[in-house]
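Peer 1: In my numbering, the protein residues as written are 682 to 861.
For each residue, glycine too, the CB sits at the ideal point set by N, CA and C.
Here you go, one structure.
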């Protein structure tokens, strides 16, 4: 995959110590990876590169929103995402990124590209189950929600909370759990 130059940090001219970089991530970043789950994205990424004599400590800190669709109603909404990620860059004989927290660059390298780490961190920060905030508090009005409410089984709440309609065979089996 072609590297995005704006996410390549040249470290050869930097002094030993901490250096900060800021990025604004939009949908063009995710389109580069062929990821089309987000309608829009507005994420601020702060990168702290701590250069040491033999290695680089890189800290990613991001926050913002991504436009996704609700899993229940398919309504679009802005999902807040935030997270932190830390990885170490060391130098060795050849390039190796098999370990997720350790990147080995060949001796003589003068820059590091962080785009893959940024991409994975943000995508993994999005909840696997996306639910519109209006679903939980009841403010979202949607045809799908109305249809789900119409098709909801009647009397299911009473059966779960009350024990008056339980099968006596189950009651006998429950006694076995407490008898030791």
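May I ask you to report which of helix, strand or coil DSSP gives residue 792?
Peer 2: Note: residue 792 maps to strand in three-state DSSP.
Peer 1: Just mark residue 760 as buried or exposed, buried being the case when its beta carbon has 16 or more other beta carbons within 10 Å.
Peer 2: So residue 760 counts as buried.
Peer 1: Assign residue 839 to one of two classes, buried (16 or more other C-beta atoms within 10 Å of its C-beta) or exposed (fewer than that).
Peer 2: With a pLDDT of only 49 at residue 839, under 50, the local geometry of the prediction cannot be trusted, and the value read off the model is given with reservation. Exposed: under 16 other Cβ atoms inside 10 Å.
Peer 1: Which residue's Cα is closest to the Cα of residue 722: 792, 712, 729 and 702?
Peer 2: Nearest of 792, 712, 729 and 702 to residue 722, Cα basis: 712.
Peer 1: List the whole-angstrom C-beta distance separating residue 811 from residue 752, where the pair is believed to meet the contact cut-off of C-beta under 8 Å.
Peer 2: Contact holds; Cβ gap of about 5 Å.
Peer 1: Taking 9 Å as the cut-off, decide whether the C-beta atoms of residue 719 and residue 748 are in contact.
Peer 2: Cβ distance < 9 Å, so residue 719 and residue 748 count as in contact.
Peer 1: Taking the beta strand (DSSP E) that residue 872 falls in, what are its first and last residues?
Peer 2: The question about residue 872 has no answer, for the chain in this structure spans 682 to 861.
Peer 1: Quick one: what does DSSP say residue 774 is sitting in, helix, strand or coil?
Peer 2: In this structure, residue 774 counts as coil in the three-state DSSP scheme.
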